[in-house]
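Chemist: This is the structure I have questions about; it appears just below.
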Amino acid sequence: MKMKTFAQLKKELKKNKEFKKSYDELEFEFKLIELLIENRLRKGITQKELAEKVGTKQSAIARFESGEYNPTISFVQKVSHALNVKLKVSE
Numbered sequence: 000m001k002m003k004t005f006a007q008l009k010k011e012l013k014k015n016k017e018f019k020k021s022y023d024e025l026e027f028e029f030k031l032i033e034l035l036i037e038n039r040l041r042k043g044i045t046q047k048e049l050a051e052k053v054g055t056k057q058s059a060i061a062r063f064e065s066g067e068y069n070p071t072i073s074f075v076q077k078v079s080h081a082l083n084v085k086l087k088v089s090e
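Quick note on numbering: the sequence shown equals residues 0 to 90 in numbering that gives the first Met the number 0.
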């Protein structure tokens, strides 16, 4: 059985009205996490290596990436800085 990509799984799940509503409410958080994970993986950095750069534990990075942790803006800035990623907020 071929594994689905995250994009394929997300598209399939969003067909469910309840899931889509919940996802849309949290879309900003999911997108932020997704972009930071993609950057970490693209740069070949492990969660442990990122944690060392941020000054935290690997488990904190894992919780952040899983969406189980509601990070402070300061934490997100530290992660983005460690990944050399510039975050922009626009309206």
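The C-beta atom is built at its ideal place from N, Cα and C for all residues, glycine as well.
Predicted, not measured: the structure shown is a model, and the values here were computed from it.
Report yes or no: do the segment 77-85 and the segment 34-50 share at least 3 C-beta pairs separated by less than 8 Å?
Modeler: yes
Chemist: Taking the alpha helix (DSSP H) that S21 belongs to, which residues open and close that run?
Modeler: Residue mapping note: residue 21 aligns to position 22 of the sequence shown, counting from 1. Residues 16-24.
Chemist: Considering only residues of the same chain and omitting the five flanking positions on each side of K77, which have a CB-CB separation below 6 Å?
Modeler: On the sequence shown, position 78 is the one that residue 77 refers to. In the same chain as K77, and ignoring 5 residues on each side of it, the C-beta atoms closer than 6 Å to its own belong to V53, in chain order.
Chemist: Only counting the same chain, and skipping five residues up and downstream in sequence, which positions put a Cβ closer than 6 Å to that of P70?
Modeler: Indexing the sequence shown from 1 puts residue 70 at position 71. Excluding residues within five positions, the ones whose Cβ falls inside 6 Å are F63.
Chemist: Under DSSP, the alpha helix (DSSP H) around I60 begins and ends at which residues?
Modeler: Residue numbering aside, residue 60 sits at position 61 when the sequence shown is read from its first letter. In the DSSP assignment, I60 falls within the alpha helix (DSSP H) that extends over 57-65.
Chemist: Does L8 come out as helix, strand or coil in the three-state DSSP assignment?
Modeler: Residue 8 sits at position 9 when you count from the first residue of the sequence shown. Helix at L8.
Chemist: Mind checking whether V75 and L31 have CB atoms under 8 Å apart?
Modeler: Residue mapping note: residue 75 aligns to position 76 of the sequence shown, counting from 1. Residue mapping note: residue 31 aligns to position 32 of the sequence shown, counting from 1. Cβ distance < 8 Å, so V75 and L31 count as in contact.
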